[in-house]
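Novice:
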Amino acid sequence: MSGTSHGIPAEAHVHRDDTGSRLGMWLFLFTELILFGGLFIVYAVYRFSHPDAFHLAAAELNTFVGTVNTIILLTSSLTVAMSITAMQEGRKAFALTLVGLTIALALAFLVNKYFEWGHKFDVGIYPGSPELLSQPQGVILYFGLYFIMTGLHALHVIIGMAVLMYVFNAIRRGTIHATSYVRLESGALYWHLVDIIWIFLFPLFYLLH
Amino acid sequence: MTQATVSAGARSRGFYGEKGKYSGIRGWIFSTDHKRIGLLYLVSMAGFFLLAVTFGVLMRLEMLSPGKTIMEPQTYNTLFTLHGIMMIFLFIIPGLPAVFGNFLLPLLIGARDVFFPRLNLLSWWLFITGGLLALVSVFLPGGAADTGWTFYVPYSIRTNTNVLPALFAAFILGFSSILTGLNFITTIHRMRAPGMGWFRMPLFVWSLYATAWIQVLATPIIGITLLLVALERWFGVGIFDPALGGDPVLYQHLFWIYSHPAVYIMILPGLGVASEILPVFARRTIFGYKFIAFSSVAIAGLGSLVWAHHMFTVGMSYTGMFVFSLLTFLVSIPSAIKIFNWIATLYKGSIVLDVPLLFILSFIVQFSIGGFTGLMLGALAVNIHVQDTYFVVGHFHYVMFGGTGFALFAAIHYWFPKMFGKMYRKGPAVLSWILATLGFNTLYMPFFFLGYMGMPRRYYDYLPEYQSFHVIATVGSWILVLGIIIMIVNLLYALKKGAPALANPWGGKTLEWTVPSPPPTENFATIPVVTTGPYDFSEYEQRPAEHS
Amino acid sequence: MHDDATAQQSQTTHTVPYSQYVLIWFGLLALTALTVSLAGIELGRWVIITALTIASIKSLLVLNIFMHLRFEDRVFRMFALVAFVTLVIFLVLTFFDYAFH
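Residue numbers (numbering that gives the first Met the number 0), protein chains in the order written: chain A, 0 to 208; chain B, 0 to 547; chain C, 0 to 100.
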């Protein structure tokens, strides 16, 4: 805790401890990590028991689209990381631009994802579809996991966008500023986590062949 | 322990007199004061507890005779499901950490609140939402869930009862639990009073710390697992559906990856309460402070590695069974370390046999029985014989109720004066202890015999030769409930008519006893400076030792 | 007085220059290119190992620089390690069942 609050009467104390706030945020990120971790365990078990079917099914995915989305997310991580430096330097407009850019990139990711999923639906691959149910069990499991894991990830992208929009607004209104920006840091941390999850999802689903 | 002792303002209403932004009930349900949130949990948890006890008593009544006694089989299935869900997710898991952790953690470490007070309030709101959702699911068309609290697939993806609301209730409650854990870890790391190093923390804080880590690291697994079951029900994804290649055993792995450590979420704070109460009533510095502190962490760690001992009969690999059985035996070591240290603390102490200590003594014996039968269950050969029988039910009730439940009774009798500023009457409290202990053992001891004889758990009907044990157990449930009723009446009476409590009625040495009862709004007028360990009873120990 | 060090300076944070961020970003892109091109080669059971190794390196870069883990208190890195090890243990112990069927 910030040492200054010790020994000061109750009515005077205003608690501020950015390191502690970030610590709490990190703990939250670990819960997110483990949440996906459960899915990675399921993935590992089924990939272990159906190696050939997983390779077969992965050929259905478009590596190019996956790579583009990877680049988009990596770039969005860059922009949001840079926004913290901009904030520290007090360059509000630049920070706003960078956070805005991050949100735009997140949106681009989702648009890509939308078309990718849409294409799968068009060719009849979705949970419970007759086309999918005619496939070997390993393929059903692969696509089950594909939709669940990328779907949950996309949900996190949406949540991350909402968080970043909140941060964007707070910067604009000046409640996040050069000497108090822990909420920007927390939002950025959340966004990087979304990126890290994708860093693992990408090779596990797209690069199997 | 500190110089900042405030005189016992016995007449002061402490934080109850706070004039906040809201008044009346809104002054409670929108308050971010950790003490008010703790009491919110206490009241809501007590409500769920009494309801779940009622379900339990009804189940015991049904088991009084073979065949139908008072209810239909489907009702029985619903009752044991609700009894399990409510007792576990709404009573034992939040019981000690959320109620006493919230109320006491900042007081114990010399802080004015937890690190994230608003998040703390959100946790309670999630808790109450999840709890009500679980209740509402009972009355929705389709009928209450009948899967047991374990939601095992494939039954849970096939049954037409309201599994989904129950799943989401558990999911929301898990989220609440995660946020509490996260809050406590941050609080313990960042808000300890000056001078309070890690090894000057009260042992209840250590146990809350270990518990919080399990809450943070294990709960997300159950979250995702329950979500997968829900997705399975909605879309037929196939992950847990054997018809599509899914593996139901994998569900059990994931379920127990959380739910076994969750057992330690339930028991660890109870162990912490025992470590808190014993030195005070033995008037002795706790024996082996560091061993007890580290054993909490060791239990949390090892306890996360033993989950598959719930699955010895599902067709795991032999290697898996061997490894999990071995690890199960290991986890008994830190638990035993605690018990030995407690006994050593009592040895040559100047014991004051007051109500909190009485409950703790029952706790130690019952927890030991629960622990020993747990070891029996951890042995592969015995496990196969008694798997899914009343033996298992007896074992976990000894740990969960005989252990955690009694620790909670002890905690409430120990901290009641601090929380409410009132003192309860000792006579009825002792009577409730006698009845609860007697009733508890009469109720659950026969379960071991029944299980050994082959009585399966969750069965509505049974063979006539089991009846005598069932009758004994049912009578035990009446004695136990009588004890609980006396306890509650006694405490409620104290709340209304009790004598004002002193700031430190037991002679405790931890920081919560340095502030008035009930504590003022921000706990400490000045943040105390800690200069000694938490259980400094040297004034009693310096008497010439009487060697025997 | 407080063993969680740096209590006094909790408001000051390390400022990472833009150039360092951009450098890391180039590294991440290069690793992505590497992992995609490796996927085209038949590596047998090494596929998963190389893919996960590269992914781990990428996340370490993100964690340490983008997420400032390198510049935080030691306790942050300990926490991260605990979380990661927990997940690995869950995975390994589950495979004590599946790998020996």
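Note that the Cβ used here is the ideal one computed from N, Cα and C, for glycine as well.
Take every Cβ of the region 387-394 of chain B, pair it with every Cβ of the region 452-460 of chain B, and state whether three or more of those distances are shorter than 8 Å.
Specialist: Judged by Cβ distances under 8 Å, the region 387-394 of chain B makes contact with the region 452-460 of chain B, as three or more pairs qualify.
Novice: Which residue from B/P445, B/K508 and B/K417 puts its Cα closest to that of B/L537?
Specialist: This sequence places Ser at residue 537 of chain B; Leu is not what is there. Out of B/P445, B/K508 and B/K417, B/K508 has the C-alpha closest to the C-alpha of B/S537.
Novice: Quickly, what does DSSP pair A/H176 with across the bridge? List them, please.
Specialist: A/H176 is bridged to A/S179.
Novice: Which of helix, strand or coil does DSSP assign to A/M81?
Specialist: DSSP places A/M81 in helix when its eight states are reduced to three.
Novice: For a test of the three-state rule: what should DSSP assign to B/T388, helix, strand or coil?
Specialist: If DSSP states are grouped into helix, strand and coil, B/T388 belongs with the strands.
Novice: Distance cutoff 7 Å, beta carbons only. Does B/T1 sit that close to anything in chain C?
Specialist: With a pLDDT of 38 at B/T1, under the threshold of 50, the modelled position of this residue cannot be trusted, and the question is left open.
Novice: Is the CB of A/M0 under 7 Å away from at least one CB in chain B?
Specialist: For A/M0, the pLDDT reaches just 33, beneath the cut-off of 50, and the residue's location in the model is therefore unreliable, although a value from the coordinates is still provided. For A/M0, the answer is yes, since a Cβ of chain B falls inside 7 Å of its Cβ.
Novice: Who are B/N161's beta bridge partners in DSSP?
Specialist: Looking at the DSSP assignment, B/N161 forms a beta bridge with B/A143.
Novice: Using only CA atoms, which one of B/D112, B/H82 and B/L95 lies nearest to B/V137?
Specialist: Closest option to B/V137, Cα to Cα, is B/H82.
Novice: Excluding the 5 residues preceding and the 5 following C/H1 in the sequence, name in chain order all residues of the same chain whose CB lies nearer than 6 Å to its CB.
Specialist: Residue placement at C/H1 cannot be trusted, given a pLDDT of 41 that sits under 50; the coordinates are not used to answer.
Novice: Say whether the region 239-247 of chain B touches the region 276-294 of chain B, bearing in mind that this needs 3 or more beta-carbon pairs closer than 8 Å, one atom from each stretch.
Specialist: As far as the Cβ criterion goes, the region 239-247 of chain B does not touch the region 276-294 of chain B, which means the pair count is below three.
Novice: Go ahead and label B/K417 buried or exposed: buried means 16 or more other beta carbons lie within 10 angstroms of its beta carbon, across all protein chains shown.
Specialist: B/K417 comes out buried.
Novice: Counting only beta-carbon atoms, is C/S58 nearer than 7 Å to chain A?
Specialist: For C/S58, the answer is yes, since a Cβ of chain A falls inside 7 Å of its Cβ.
Novice: Kindly identify the DSSP beta-bridge partner or partners of B/P455.
Specialist: According to DSSP, B/P455 bridges with B/T388.
Novice: Are any of the Cβ atoms in chain B nearer than 7 Å to that of A/Q136?
Specialist: Closer than 7 Å: yes.
Novice: For B/P518 and B/I221, I'd like the C-alpha separation in whole angstroms.
Specialist: Computed Cα separation, rounded: 37 Å.
Novice: Using a Cβ cut-off of 7 Å (strictly closer), state whether B/L249 contacts chain A.
Specialist: Yes, contact with chain A.
Novice: If you measure beta-carbon to beta-carbon, which residues of the region 285-304 of chain B are closer than 8 Å to chain C?
Specialist: From the region 285-304 of chain B, only S303 and L304 have a Cβ closer than 8 Å to chain C.
Novice: Counting beta carbon pairs with one atom in the region 271-290 of chain B and one in the region 203-216 of chain B, are three or more of them shorter than 8 Å?
Specialist: The region 203-216 of chain B vs the region 271-290 of chain B: in contact.
Novice: Bridge partners of B/P550, per DSSP?
Specialist: What is shown of chain B runs 0 to 547, which leaves residue 550 of chain B out entirely.
Novice: Below 6 Å CB to CB, which residues in the same chain sit around B/S361 once its five sequence neighbours on both sides are set aside?
Specialist: Closer than 6 Å at the Cβ level, and outside the excluded window around B/S361, lie F405 and T436.
Novice: Taking a cut of 9 Å between CB atoms, which residues from the region 61-79 of chain C lie near chain A?
Specialist: Those residues of the region 61-79 of chain C that come within reach of chain A (Cβ to Cβ, closer than 9 Å) are V61, L62, I64, F65, M66, H67, L68, E71, D72, V74, F75, F78 and A79.
Novice: Contact criterion: CB-CB distance below 7 Å. Does A/P50 meet it with respect to chain F?
Specialist: Structure shown: chain F not included; protein chains present are A, B and C.
Novice: Among B/T344, B/S431 and B/G377, which residue has its Cα nearest to the Cα of B/D535?
Specialist: Closest option to B/D535, Cα to Cα, is B/T344.
Novice: Look up C/A32 in the DSSP assignment and say whether it is helix, strand or coil.
Specialist: Helix, per DSSP.
Novice: With distances taken between CB atoms, is the gap from A/A94 to A/I170 smaller than 7 Å?
Specialist: Taking 7 Å as the Cβ cut-off, A/A94 and A/I170 qualify as a contacting pair.
Novice: Against A/M81, what residues of chain C qualify as contacts under a CB-to-CB distance less than 7 Å, listed in chain order?
Specialist: Y17 and Y20, listed in chain order.
Novice: So, at 7 Å on beta carbons, what are the nonlocal neighbours of B/I187 in its own chain, with the 5 sequence-adjacent residues on each side left out?
Specialist: Closer than 7 Å at the Cβ level, and outside the excluded window around B/I187, lie I108, V204 and Y208.
Novice: Quick check on DSSP: helix, strand or coil for B/V305?
Specialist: Reduced to three states, the DSSP call for B/V305 is coil.
Novice: Can you give me the C-alpha to C-alpha distance between A/E88 and A/A177, rounded to a whole angstrom?
Specialist: Going by the C-alpha atoms only, they are around 7 Å apart.
Novice: Could you tell me which chain B residues have their CB closer than 7 Å to the CB of C/F83, listed as they occur along the chain?
Specialist: Near C/F83 there are no residues of chain B at all, since even the closest Cβ is about 10 Å away, more than 7 Å.
Novice: Whose C-beta lies closer than 8 Å to the C-beta of A/L106 among residues of the same chain, with five residues either side of it excluded?
Specialist: Here the set comprises M160.
Novice: Going along the chain, which residues of its own chain have a beta-carbon closer than 6 Å to the beta-carbon of A/I195, five neighbours each way excluded?
Specialist: No residues qualify anywhere along the chain.
Novice: Could you check the C-alpha separation between B/I36 and B/V248 for me, to the nearest Å?
Specialist: Those two C-alpha atoms are separated by around 39 Å.
Novice: For B/S303, count neighbouring C-beta atoms within 10 Å of its own C-beta (all shown protein chains included) and say buried if the count is 16 or more, exposed if not.
Specialist: Buried, by the Cβ-count rule.
Novice: DSSP three-state label for A/D121, please.
Specialist: Reduced to three states, the DSSP call for A/D121 is helix.
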